[in-house]
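Participant: First, the structure itself, so that you have it in front of you.
Residue numbers (our numbering): 312 to 699.
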């Protein structure tokens, strides 16, 4: 492991070592949230993230990626403190807003820093999927540890204690971010470029190139199932009326998925493998419509792993197609588009859950997974045409 990447991996690990993820929805229910209000909080999270992502990406490109990373970890720390102190819905939602700003700053940032670091170390971005997959692995490992310990802490000390125990991890992530050595190749552009022109250039790289546009659509489509499962995954065990002791292990299994997906992404290089993975994604999502514990566990784990791998593959192709000077802005803009698509779908999903059940609502995810498969058919065709 190169020493340049170690602080980034430490950031990836400690920002994922959060103990409240496994019991968050239970805590929210404890302070007054019902399923509809939980869905609303997810929409607020997505909306604030949507508003903040592109400005955060442009800030990172024009000012400092390291500085933006430090700010994102600071917002995560503040969110953890507010969550720990909240006993009403409004206070908790303030924490949600802070967490959303952290998420907006972090999205598109860590992969941009890793890609540019790979270019500086190796002369190209060919090892990006390996480095970024390793970052995903460390985050996933932290999530698993956090889930298991979080459920234990909640069981022994109470739900609020899981939030309090997360504050030191956030501080360590902040310290690691401060130790990151920022790559400098994105500083090669004219820093006197007007802000408006910079923003126009950012969106031009997304909209004016056919291949890039299809890559963006693949990233957006694969992000939607990931957003759903990362935000409302606990609605499945709640529907099965499982006891609290189950939440930690179930969340640990779910959150090990991104780590496996990170490893898979580096191994799967051919378009035929992408299509096989996409088909398996449809099958894994379909399992979530079966009201049985085994189906839910396998379905959630496989869905997260598969769509993470597909997302990393497309993300690597996106970074290959854009220059460093707008890399974070483009990545953040794509993340914003993902949020834009996810917001109305989350609302529809919440309505279906309230009026029917989580298992019926899952048919919406099945439709989305079919769309993902069709998009990767197109991406495979473009890759084959480019190779000829």
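All C-beta atoms in this analysis are idealised placements derived from N, C-alpha and C, irrespective of residue type, glycine included.
#1: In terms of residue numbering, what span does the alpha helix (DSSP H) encompassing residue 574 cover?
#2: Three or more C-beta pairs under 8 Å: does that hold for the region 539-556 against the region 324-342?
#3: Tell me which same chain residues have a C-beta within less than 6 Å of the C-beta of residue 596, skipping the five on either side of it?
#4: Can you tell me the Cβ-Cβ gap for residue 577 and residue 444, rounded? I've got them flagged as a contact below 8 Å.
#5: From what residue to what residue does the alpha helix (DSSP H) around residue 454 run?
#6: Under a three-way DSSP split, which group does residue 558 fall into?
#7: According to DSSP, is residue 525 helix, strand or coil?
#8: Starting from residue 332 and walking both ways along the alpha helix (DSSP H), at which residues does that stretch end?
#9: Taking contact to mean 3 or more Cβ pairs, one atom from each stretch, closer than 8 Å, check whether the region 341-355 and the region 656-666 are in contact.
#10: Quick one: residues in its chain with C-beta nearer than 6 Å to the C-beta of residue 411, no 5 flanking neighbours on either side, listed in chain order?
#11: Among the residues of its own chain, which have a CB less than 6 Å from the CB of residue 403, if the five just before and after it don't count?
#12: By a C-beta neighbour count over all protein chains shown, 10 Å radius and 16 as the cutoff for buried, is residue 494 buried or exposed?
#13: Considering only their Cβ atoms, is the gap separating residue 579 from residue 588 smaller than 8 Å?
#14: Quick one: residues in its chain with C-beta nearer than 6 Å to the C-beta of residue 506, no 5 flanking neighbours on either side, listed in chain order?
#15: What are the boundary residues of the alpha helix (DSSP H) that includes residue 626?
#16: Use the C-beta contact count for residue 531: other C-beta atoms within 10 angstroms, 16 or more gives buried, fewer gives exposed.
#17: Using DSSP with H/G/I as helix, E/B as strand and the rest coil, what is residue 668?
#18: Taking the straight line between their C-alpha atoms, what separation do you get for residue 742 and residue 345?
#19: For residue 446, is the classification buried or exposed, using 16 other Cβ atoms within 10 angstroms of its Cβ as the cut-off for buried?
#20: Checking 8 Å against the spacing of the C-beta atoms, do residue 395 and residue 526 come in under that value?
#21: Among the residues of its own chain, which have a CB less than 7 Å from the CB of residue 590, if the five just before and after it don't count?
#22: By a C-beta neighbour count over all protein chains shown, 10 Å radius and 16 as the cutoff for buried, is residue 581 buried or exposed?
#23: Quick check: the Cα distance between residue 315 and residue 425, rounded to an integer number of angstroms?
#24: Using a threshold of 8 Å, state whether the C-beta atoms of residue 481 and residue 687 are closer than that.
#25: Distance check for residue 593 and residue 487, CA to CA, integer angstroms please.
#26: If you run the structure through DSSP and keep just helix, strand and coil, what is residue 600?
#27: Over what stretch of residues does the alpha helix (DSSP H) that includes residue 364 continue unbroken?
#28: Which residue marks the beginning of the alpha helix (DSSP H) containing residue 552, and which one marks its end?
#29: What are the boundary residues of the alpha helix (DSSP H) that includes residue 378?
#30: Would you check if the distance between the CB atom of residue 318 and the CB atom of residue 490 is smaller than 8 Å?
#31: Helix, strand or coil for residue 490 per DSSP?
Facilitator: Let me lay it out:
#1: 568-578
#2: At 8 Å Cβ cutoff, the stretches touch.
#3: 614, 676, 677, 680
#4: 5 Å
#5: 439-468
#6: helix
#7: Correct three-state label for residue 525: helix.
#8: Residue 332 -> no alpha helix (DSSP H), and no H or E assigned at all.
#9: yes
#10: 356, 359, 360
#11: 397
#12: buried
#13: yes
#14: Low per-residue confidence applies at residue 506: pLDDT is 49, beneath 50, and the placement is therefore not dependable enough to give any value.
#15: 604-632
#16: Flag for residue 531 reads buried.
#17: coil
#18: No information on residue 742 is available, as it lies outside the stretch 312 to 699 that the chain covers here.
#19: buried
#20: no
#21: 684
#22: exposed
#23: 10 Å
#24: no
#25: Whole-angstrom Cα-Cα distance: 38 Å.
#26: coil
#27: 346-373
#28: Looking at the DSSP string, residue 552 is not in any alpha helix (DSSP H), and its letter there is neither H nor E.
#29: 376-396 is the extent of the alpha helix (DSSP H) around residue 378.
#30: yes
#31: coil
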